[in-house]
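*Asks:*
Number of protein chains: 2
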Amino acid sequence: MAYRRTAAVQARLDAARGAILRAAIGLLTEHGYAGCSVAAVAGRAGVATGTVYRHFPTKAHLVTEVFREAAGREVAAVGAAIRQPGPVAGRITALIETFAGRAFKSPRLAYALLAEPVDPAVDAERLVFRRAYRDLVAATVADGVATGVLPPQNPDITAAALVGAIAEALVGPLAAGAAEVDTIPSLITFAHRATGATRATHA
Amino acid sequence: MAYRRTAAVQARLDAARGAILRAAIGLLTEHGYAGCSVAAVAGRAGVATGTVYRHFPTKAHLVTEVFREAAGREVAAVGAAIRQPGPVAGRITALIETFAGRAFKSPRLAYALLAEPVDPAVDAERLVFRRAYRDLVAATVADGVATGVLPPQNPDITAAALVGAIAEALVGPLAAGAAEVDTIPSLITFAHRATGATRATHA
DNA sequence: TGAAGTTATGAATCGTAGTTCACTTCTTGG
DNA sequence: CCAAGAAGTGAACTACGATTCATAACTTCA
């Protein structure tokens, strides 16, 4: 044997893999899935198309990982916001502000994660993504129910409905490009009413 | 001139067009967009693939019309339910029962209309579809606000959020195949709370 | 009936990615 | 430096389904 993979080579391989992933995330953020052809990803990463296949068995694997990475960041950001200590109503406010604020900052990405038509393989990942949001919200709602600041309810369904409400209220504006200033405050009011948070609970 | 299109011929043409449309709707209902290749549609309609193109300039046109037709039926059904005379809360209950009931009866179709990845051309139609629902709901909410049974709110945003809530709460179960029995009643409660309908307003 | 014109057909064509692979370039250890 | 093997390359290959088009079958009406 006259060749063995050294740490330096491994590092370079890892770097290349990372570059491919980053390139794909960048394209997804700027142009959605349409911009994510293997050729385009390879070009942006500075490698040949064939090289992509030395790191990902199929395009579906690549795109799935891209989705997971991008979605993970969103969930992490929203999770951090909703896990702040404080009253339940305030945490729900933070959830919506974070979710919507990030969506408006990267509308193309938000659309890609929430709604853009894709490979069915990725669609499954989207369900996971939404469930992650749902679980986050459900935990907070359950917390509120347990401490009595929210009325009894099925936290999972409330959470699913809230996530859907937020997503739907945003998809229109995101597709249109411009958002009504009113959207976020109205959504917050809606969410408080929907969970049963009383006025007294705010602030 | 030795040929002119007669009424009989026109009728046959119309029938063929209708058969193609119906075949496509059937395939969409049973197998989603994946089942809607031009060849499959033609086969089911009993015509050759080329014939499809004598009635629809492109597949996008066909699929768009299919979507519009199928979605129109849903909106019409829900519209009929929500326009029943009676208290606002009851109409919202009817909305959800109709929407969800139909979705559970044709889960594949519901998924196709609500969420399945498709051609961007159709995606635009999906926004129209959702807006139709939104407008339907918004009218009812506005009605409730005007008559004082609902608190002041932006009906458009409430409506968008409600539509999203219902869709999201259903997509999971639809994808999974089985629905929790709890889903519909919980959604109704959620919707009442979310719109601000008081307990007294029910029944 | 037959000439003019229309409609139906489906095999062949086209376009578009994703994927492969023969070849080149690089790395390693003796 | 060199043989063994790995990683990188990108042009060529493929799969797939939409679309076309030369041809056949059919309709009309003088």
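Protein chains in written order, with this note's numbering: chain W, 1 to 203; chain H, 1001 to 1203. Where a beta carbon is used, it is the ideal one built from N, C-alpha and C, also for glycine.
Which residue's Cα is closest to the Cα of residue 1108 of chain H: H/1196, H/1030 and H/1101?
*Replies:* Position 108 of the second sequence, counted from the start, is the residue given in the question as residue 1108 of chain H. Taking only the C-alpha atoms, the option nearest residue 1108 of chain H is H/1030.
*Asks:* Residue 1093 of chain H to residue 77 of chain W, Cα distance in whole Å?
*Replies:* Residue mapping note: residue 1093 of chain H aligns to position 93 of the second sequence, counting from 1. Residue mapping note: residue 77 of chain W aligns to position 77 of the first sequence, counting from 1. Their backbone Cα atoms lie some 35 Å apart in a straight line.
*Asks:* Please name the residue, chosen from W/143, W/147, W/103 and W/171, that lies closest to residue 159 of chain W on a Cα-to-Cα basis.
*Replies:* To locate residue 159 of chain W, count along the first sequence from 1; it is residue 159. Of the listed residues, the one whose Cα sits closest to residue 159 of chain W is W/143.
*Asks:* Could you check the C-alpha separation between residue 162 of chain W and residue 1048 of chain H for me, to the nearest Å?
*Replies:* Counted from its first residue, the first sequence places residue 162 of chain W at position 162. Counted from its first residue, the second sequence places residue 1048 of chain H at position 48. Their backbone Cα atoms lie some 47 Å apart in a straight line.
*Asks:* Rounded to whole angstroms, what's the CA-CA distance from residue 181 of chain W to residue 1129 of chain H? Just pull it up for me.
*Replies:* Translated into positions along the first sequence, residue 181 of chain W becomes position 181. Translated into positions along the second sequence, residue 1129 of chain H becomes position 129. Their backbone Cα atoms lie some 24 Å apart in a straight line.
*Asks:* Helix, strand or coil for residue 37 of chain W per DSSP?
*Replies:* Looking up residue 37 of chain W in the first sequence gives position 37. If DSSP states are grouped into helix, strand and coil, residue 37 of chain W belongs with coil.
*Asks:* Report all residues from its chain with a CB closer than 7 Å to the CB of residue 1145 of chain H; omit the five preceding and five following residues, and keep chain order.
*Replies:* The sequence position of residue 1145 of chain H within the second sequence is 145, counting from 1. Only 1152, 1153 and 1155 meet the Cβ criterion.
*Asks:* Can you tell me the Cα-Cα spacing of residue 1136 of chain H and residue 1064 of chain H, whole angstroms?
*Replies:* Translated into the one-based positions of the second sequence, residue 1136 of chain H becomes position 136. Translated into the one-based positions of the second sequence, residue 1064 of chain H becomes position 64. Near 22 Å, if we compare the C-alpha coordinates of residue 1064 of chain H and residue 1136 of chain H.
*Asks:* Ordered along the chain, which non-local residues of its own chain (more than five positions away) have a Cβ less than 6 Å from that of residue 184 of chain W?
*Replies:* Counted from its first residue, the first sequence places residue 184 of chain W at position 184. Result list for residue 184 of chain W: 100, in chain order.
*Asks:* Starting from the beta carbon of residue 181 of chain W, find every residue of chain H whose beta carbon is closer than 7 Å, and list them in chain order.
*Replies:* As a position in the first sequence, residue 181 of chain W is number 181, starting the count at 1. Those do not exist, as residue 181 of chain W stays about 11 Å from chain H at its closest Cβ, beyond 7 Å.
*Asks:* Here's the rule I'm using: 16 or more other beta-carbon atoms within 10 Å means buried, otherwise exposed. How should residue 13 of chain W be labelled?
*Replies:* Within the first sequence, residue 13 of chain W is the residue found at index 13, counting from 1. With fewer than 16 other Cβ atoms within 10 Å, it is exposed.
*Asks:* Just mark residue 164 of chain W as buried or exposed, buried being the case when its beta carbon has 16 or more other beta carbons within 10 Å.
*Replies:* Working through the first sequence from its first residue, we reach residue 164 of chain W at position 164. With 16 or more other Cβ atoms within 10 Å, it is buried.
*Asks:* Helix, strand or coil for residue 159 of chain W, going by three-state DSSP, please let me know.
*Replies:* Counting from one through the first sequence, the residue named residue 159 of chain W turns up at place 159. If DSSP states are grouped into helix, strand and coil, residue 159 of chain W belongs with the helices.
*Asks:* Which residues in the same chain as residue 79 of chain W place their Cβ atom closer than 6 Å to its Cβ, once the five residues preceding and following it in sequence are excluded?
*Replies:* Reading the first sequence from its first residue, position 79 is the one you call residue 79 of chain W. Within the same chain, residue 79 of chain W has close Cβ partners 136.
*Asks:* If you check the beta carbons only, do residue 194 of chain W and residue 1134 of chain H fall under 8 Å apart?
*Replies:* Indexing the first sequence from 1 puts residue 194 of chain W at position 194. Indexing the second sequence from 1 puts residue 1134 of chain H at position 134. No.
*Asks:* Classify residue 54 of chain W: buried if its beta carbon has 16 or more other beta carbons within 10 angstroms, exposed otherwise.
*Replies:* Translated into positions along the first sequence, residue 54 of chain W becomes position 54. Residue 54 of chain W should be labelled exposed.
*Asks:* Rounded to whole angstroms, how far is the Cβ of residue 115 of chain W from the Cβ of residue 171 of chain W, which I believe are closer than 8 Å?
*Replies:* Indexing the first sequence from 1 puts residue 115 of chain W at position 115. Indexing the first sequence from 1 puts residue 171 of chain W at position 171. Confirmed, about 5 Å.
*Asks:* Thinking C-beta only, is residue 1019 of chain H closer than 8 Å to residue 1046 of chain H?
*Replies:* Locating residue 1046 of chain H in the second sequence gives position 46, counting from the first residue. Locating residue 1019 of chain H in the second sequence gives position 19, counting from the first residue. Cβ distance < 8 Å, so residue 1046 of chain H and residue 1019 of chain H count as in contact.
*Asks:* Who are the neighbours of residue 1188 of chain H on chain W, taking C-beta pairs under 8 Å?
*Replies:* For the purposes of this step, residue 1188 of chain H is identified with residue 188 of the second sequence, where counting begins at 1. The premise fails here: residue 1188 of chain H is roughly 10 Å from chain W at the closest Cβ pair, so nothing lies under 8 Å.
*Asks:* Taking the C-alpha atoms as reference points, what is the distance between residue 1141 of chain H and residue 196 of chain W?
*Replies:* Working through the second sequence from its first residue, we reach residue 1141 of chain H at position 141. Working through the first sequence from its first residue, we reach residue 196 of chain W at position 196. Their backbone Cα atoms lie some 18 Å apart in a straight line.
*Asks:* From this set, H/1138, H/1021 and H/1067, which residue's C-alpha is nearest residue 1083 of chain H's C-alpha?
*Replies:* Here the question's residue 1083 of chain H lines up with position 83 in the second sequence. Comparing Cα-Cα distances from residue 1083 of chain H to each of H/1138, H/1021 and H/1067, the minimum goes to H/1138.
*Asks:* State the CB to CB distance for the pair residue 1187 of chain H and residue 1166 of chain H, rounded to an integer number of angstroms; the pair is presumed to be in contact (CB under 8 Å).
*Replies:* Here the question's residue 1187 of chain H lines up with position 187 in the second sequence. Here the question's residue 1166 of chain H lines up with position 166 in the second sequence. About 6 Å separates the two Cβ atoms, so the contact holds.
*Asks:* With 8 Å as the threshold, decide whether the Cβ of residue 163 of chain W is near any Cβ in chain H.
*Replies:* Residue 163 of chain W sits at position 163 when you count from the first residue of the first sequence. Answer yes: the Cβ-Cβ gap between residue 163 of chain W and chain H drops below 8 Å somewhere.
*Asks:* Unbroken beta strand (DSSP E) runs of length 3 or more, entirely within the region 1079-1143 of chain H: which are they?
*Replies:* none
*Asks:* Given this structure, state the Cα-to-Cα distance separating residue 1032 of chain H from residue 1119 of chain H, to the nearest angstrom.
*Replies:* Counting from one through the second sequence, the residue named residue 1032 of chain H turns up at place 32. Counting from one through the second sequence, the residue named residue 1119 of chain H turns up at place 119. So the alpha carbons of these two residues sit roughly 13 Å apart.
*Asks:* State yes or no: is the C-beta of residue 70 of chain W within less than 8 Å of the C-beta of residue 28 of chain W?
*Replies:* Here residue 70 of chain W is taken as the residue at index 70 of the first sequence, counted from 1. Here residue 28 of chain W is taken as the residue at index 28 of the first sequence, counted from 1. The answer is yes: Cβ separation under 8 Å.
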